[in-house]
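Residue numbers (the numbering used here), protein chains in the order written: chain Y, 33 to 241; chain V, 33 to 241; chain U, 33 to 241; chain Z, 33 to 241. Single-structure report; data block below.
Next comes the structure, spelled out in structure tokens:
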């Protein structure tokens, strides 16, 4: 016997899922800026002192850039994924909420990485959130496939290949976690490369509907 | 004699109600993160010191998670409620504004609970806001029923049953308020259980339209 | 000879005006909460100390409530106004930007009023912003009437009467500015009454289209 | 052989591009206010002391106003540009992300300019961001022309003229960068004039579609 949920809500597209997610992505990506602050400068500070203060917060700027790139990539991937989704249900809404919860923690982690760039713990914290976000997104993909929420075109070989590669990138994001204890900057560089890999991967999902 | 309001605006769906509410929910849920801060660490801090600082703010993380879950649940419930709504009027807009006002206070309360987890007063403050939010949502439901703003399908037994259970959960949310003076963590655990109850309840509202 | 602007853009409805304005209103109303902070409390603080700290920030809560009510009213009025608008042009976009700029200053003013509730200057600052916001909104109304951006139904007697009353409320909002030097709380009470007057006025704009 | 991307996504309009961009613009423009803070005042402060404190932060208010005007102009220009766009692709999404990243840095720069108004370095920082934003926007225009993402009407002479003038304004925004070392206020005045020039330019893009 089908439950009411299976009967009904799974046959409707939830446009508010897009509106709410776009809102959260837009806010998180913009909130990153409030972690940026110059160290205190005198009132008669010179331009040299100001640029030297900027140089002192260079790690904050790197953390800002890395998190902006990651959340921007997440938004693009989310756009491409929802394009393939023809129905939503309550389980998917909550998997999406989990994704948004991990995403919302990035301003906190950006601050920790920016303040303690040489501390392996801060890079590992970034990596753990990177991995958790990938898991949540992957769970949305797997669930929507099983619950038949996707457009039939999503069975195409290119999408299946994209899913496999995304899984490998997700698993691969565990490696820099260990690397953080060897060299924090190298680990951050690996995360940068993984984000680029995620970005390049997107074209596999851009199939004709 | 019908007033102009009854004549007109009640026959139109207000899409900006959705946009504005989605915006507020998205911002509140994302603003929770700015209450998260690590205690000051030296520049040469080790990974152990960083993880120990994270452990020190574990109560902030619990408060973050609990508020995120509650606002996420509120957004899902709001989505399901507005699906049943075929008209809006100015009274409903203001009941919704009241709901959004209580919701907007959660970042403040999350900070108080995170900073004073063992203080019965902070848990009671969380509980009072939990209850007030439930009252505002309940008032939207009752009013829209009386003012005939709902789809006729909302007269279905499953929706009526959902309303009754939601009322009981709302009344039940007064109990942990008293429990806070006996054991703050136990009271927070009860609120967690009540949020899960609200989440499970949603499928009763997912009727076919 | 008509300019390109008159030819074209004035014949289209700008849905992004709604999206952008809803976004700004939603963010301002939610940002008010970040001004709310309890005074520092010890780690072993009791419930009494916490409630006494809450009582100490009661003026912040009053400022929060007053600003929330004002921005909520502004959003409802903006909704009702845009309902009557059938076209937009660049001048209207910029009048709307001016309205949003004044609105965006409320979190700053809420902080000043909350921190210095007995200072006539802080209440006068609130009043000046209240007045400036009214002027900007009034300018949008007058301009859109002259530039023929409104639905013909907006010529109805009830809308005209609403405009006249709104003008009087706007002019009237100058009075509490002077009253602030006699009694700041009384002046705030007058602003509360003026917001209620704005809210009640809205039904005159809810004509059938 | 066309890649999947060329085949598909370039033939669809991405409404989420608008929603996400509107969200980011709305949040950045509203976040500017959190940089506004009065210097600490005693509890029994007089109105004179409060107005004198306001006068002390006048540079913050100027920076607020300038950034609000710039982001408001950017939003209007973005609206007019997307009106001419009939398709999007992944490259355009990322050029837009770059634009949003530079835009999101304005609250940081507004704080630096407001705190160090007489420092040539802070004005130069503002100018560098002003220029970078113009470059990102210009790149969106050039790319979308080459990738045939624009409406055919965008080949009109008025749009072409608008593009040429926008390029000159963008190049011209490098001049006040040097001027900052001669007179910071004069340089800020030039940026104000350049924003007005951008605003007046918009009517060239308002062609009939």
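Heads up, the beta-carbon is just placed ideally off N, CA and C, and yes, glycines get one too.
Neighbour flag for residue 84 of chain V against chain U, beta carbons, 7 Å: Looking up residue 84 of chain V in the second chain gives position 52. Taking Cβ atoms only, chain U never reaches closer than 7 Å to residue 84 of chain V, which makes this a no.
Distance between residue 98 of chain Z and residue 224 of chain Z (C-alpha atoms, nearest Å): Translated into the one-based positions of the fourth chain, residue 224 of chain Z becomes position 192. Translated into the one-based positions of the fourth chain, residue 98 of chain Z becomes position 66. Whole-angstrom Cα-Cα distance: 7 Å.
Closer than 7 Å to chain Z by CB, residue 141 of chain Y: Within the first chain, numbered from 1, the residue matching residue 141 of chain Y stands at position 109. False, the Cβ-Cβ gap to chain Z never drops below 7 Å.
Any 3 or more C-beta pairs closer than 8 Å across the region 85-94 of chain V and the region 201-220 of chain U: In short, these stretches do not touch, since the Cβ pair count stays below three.
Contact under 7 Å by Cβ, residue 235 of chain V with residue 181 of chain V: The count along the second chain starts at 1 and reaches residue 235 of chain V at position 203. The count along the second chain starts at 1 and reaches residue 181 of chain V at position 149. The answer is no: Cβ separation not under 7 Å.
Closer than 7 Å to chain Y by CB, residue 136 of chain Z: To locate residue 136 of chain Z, count along the fourth chain from 1; it is residue 104. Residue contact with chain Y for residue 136 of chain Z: present (Cβ-Cβ distance below 7 Å to some residue of chain Y).
Endpoints, the alpha helix (DSSP H) within which residue 192 of chain Y is located: As a first step, residue 192 of chain Y is located in the first chain; it is residue number 160 there, counting from the start. That run of the alpha helix (DSSP H) goes 189-204.
Neighbouring residues, chain Y, relative to residue 192 of chain V (Cβ below 8 Å): To locate residue 192 of chain V, count along the second chain from 1; it is residue 160. Simply none; closest approach about 14 Å.
Residue 117 of chain U, DSSP secondary structure in three states: What you label residue 117 of chain U is simply residue 85 of the third chain in a count that begins at 1. Strand, per DSSP.
Where residue 241 of chain U falls, given that 16 or more other Cβ within 10 Å makes a residue buried: For this step, residue 241 of chain U is matched to residue 209 along the third chain. So residue 241 of chain U counts as exposed.
Chain Z contacts made by the region 62-86 of chain U, where a contact means CB separation under 8 Å: Sequence-ordered contacts of the region 62-86 of chain U with chain Z read 63, 66 [C-beta pairs closer than 8 Å].
Distance between residue 153 of chain Z and residue 213 of chain Z (C-alpha atoms, nearest Å): Walking along the fourth chain from the start, residue 213 of chain Z turns up at place 181. Walking along the fourth chain from the start, residue 153 of chain Z turns up at place 121. Approximately 8 Å, taken between the alpha carbons.
C-beta neighbour in chain Z for residue 169 of chain Y, strict 7 Å: Walking along the first chain from the start, residue 169 of chain Y turns up at place 137. Chain Z, which has no Cβ nearer than 7 Å to the Cβ of residue 169 of chain Y, makes this no.
Segment contact flag, the region 133-140 of chain Z with the region 161-176 of chain Z, C-beta cutoff 8 Å, min 3 pairs: Contact between the region 133-140 of chain Z and the region 161-176 of chain Z is present, because at least three Cβ pairs lie under 8 Å.
Contact check, residue 91 of chain Z vs residue 139 of chain Z, beta carbons under 7 Å: As a first step, residue 91 of chain Z is located in the fourth chain; it is residue number 59 there, counting from the start. As a first step, residue 139 of chain Z is located in the fourth chain; it is residue number 107 there, counting from the start. Taking 7 Å as the Cβ cut-off, residue 91 of chain Z and residue 139 of chain Z do not qualify as a contacting pair.
Proximal residues of chain V, C-beta to C-beta of residue 59 of chain U below 9 Å: The count along the third chain starts at 1 and reaches residue 59 of chain U at position 27. Near residue 59 of chain U (Cβ distances below 9 Å), the residues of chain V are 55, 56, 59.
Residue 177 of chain U - containing alpha helix (DSSP H), residue span: Working through the third chain from its first residue, we reach residue 177 of chain U at position 145. Its alpha helix (DSSP H) spans residues 152-178.
Where the region 195-218 of chain U meets chain V: residues whose CB sits under 8 Å from a CB there: Residues passing the 8 Å Cβ filter: none.
Cβ separation of residue 151 of chain Y and residue 226 of chain V, assumed to be a contact under 8 Å, to the nearest whole Å: In the first chain, residue 151 of chain Y corresponds to position 119, counting from 1. In the second chain, residue 226 of chain V corresponds to position 194, counting from 1. The C-beta distance from residue 151 of chain Y to residue 226 of chain V rounds to 39 Å, too long to meet the 8 Å contact threshold.
C-beta contact flag for residue 117 of chain U and residue 156 of chain U at 7 Å: Counting from one through the third chain, the residue named residue 117 of chain U turns up at place 85. Counting from one through the third chain, the residue named residue 156 of chain U turns up at place 124. Not a contact, by the Cβ cut-off of 7 Å.
Any non-hydrogen atom of the ligand NAP within 6 Å of residue 63 of chain V CB: No copy of the ligand NAP appears in this structure; indeed no ligand is present at all.
Minimum C-alpha distance to residue 176 of chain Y - residue among Y/94, Y/106, Y/115, Y/55: Reading the first chain from its first residue, position 144 is the one you call residue 176 of chain Y. Each of Y/94, Y/106, Y/115, Y/55 was checked against the Cα of residue 176 of chain Y, and the nearest Cα belongs to Y/115.
Proximal residues to residue 266 of chain Z (C-beta, below 6 Å), its chain only, five neighbours per side dropped: Any question about residue 266 of chain Z goes unanswered here, given that chain Z covers just 33 to 241.
Separation of residue 49 of chain Y from residue 125 of chain Y, as counted between CA atoms: By 1-based counting over the first chain, the position of residue 125 of chain Y is 93. By 1-based counting over the first chain, the position of residue 49 of chain Y is 17. Using only the alpha carbons, I get a separation of about 7 Å.
Which listed residue (U/220, U/55, U/229) has its alpha carbon closest to that of residue 197 of chain U: For the purposes of this step, residue 197 of chain U is identified with residue 165 of the third chain, where counting begins at 1. Nearest C-alpha to residue 197 of chain U among U/220, U/55, U/229: U/229.
Residue 73 of chain Z (DSSP reduced to helix, strand or coil): For the purposes of this step, residue 73 of chain Z is identified with residue 41 of the fourth chain, where counting begins at 1. If DSSP states are grouped into helix, strand and coil, residue 73 of chain Z belongs with coil.
Helix, strand or coil at residue 68 of chain U according to DSSP, with G and I counted as helix: What you label residue 68 of chain U is simply residue 36 of the third chain in a count that begins at 1. Residue 68 of chain U falls in the coil class under three-state DSSP.
Chain U contact for residue 48 of chain V (CB, 7 Å cutoff): Working through the second chain from its first residue, we reach residue 48 of chain V at position 16. The beta carbon of residue 48 of chain V sits closer than 7 Å to some beta carbon of chain U.
Beta carbon of residue 127 of chain Z nearer than 7 Å to that of residue 171 of chain Z: Translated into positions along the fourth chain, residue 127 of chain Z becomes position 95. Translated into positions along the fourth chain, residue 171 of chain Z becomes position 139. Yes, the pair counts as a contact, with Cβ atoms nearer than the cut-off.
Cβ neighbours of residue 63 of chain V in the same chain (closer than 7 Å, five flanking residues each side left out): In the second chain, counting from the first residue as 1, residue 63 of chain V sits at position 31. Here the set comprises 139.
Partner residues on chain V for residue 165 of chain U, Cβ-Cβ distance less than 9 Å: To locate residue 165 of chain U, count along the third chain from 1; it is residue 133. Residues of chain V passing the Cβ test: none, with the nearest at roughly 17 Å.
Spatial distance of residue 142 of chain U from residue 67 of chain U (CA atoms): Within the third chain, the letter at position 110 stands for residue 142 of chain U. Within the third chain, the letter at position 35 stands for residue 67 of chain U. Cα-Cα distance, rounded: 8 Å.
Simplified DSSP assignment, three categories, for residue 226 of chain Y: For the purposes of this step, residue 226 of chain Y is identified with residue 194 of the first chain, where counting begins at 1. If DSSP states are grouped into helix, strand and coil, residue 226 of chain Y belongs with the helices.
Spatially closest choice to residue 59 of chain V from V/73, V/100, V/75, by CA coordinates: Position 27 of the second chain, counted from the first residue, corresponds to residue 59 of chain V. Per the Cα distances, V/100.
Residue 148 of chain Z at chain Y interface by Cβ criterion, 7 Å: Numbered from 1 along the fourth chain, position 116 holds the residue referred to as residue 148 of chain Z. Closer than 7 Å to some Cβ of chain Y, the Cβ of residue 148 of chain Z qualifies, so yes.
Spatial distance of residue 192 of chain Y from residue 111 of chain Y (CA atoms): In the first chain, counting from the first residue as 1, residue 192 of chain Y sits at position 160. In the first chain, counting from the first residue as 1, residue 111 of chain Y sits at position 79. Roughly 17 Å separates the two Cα atoms.
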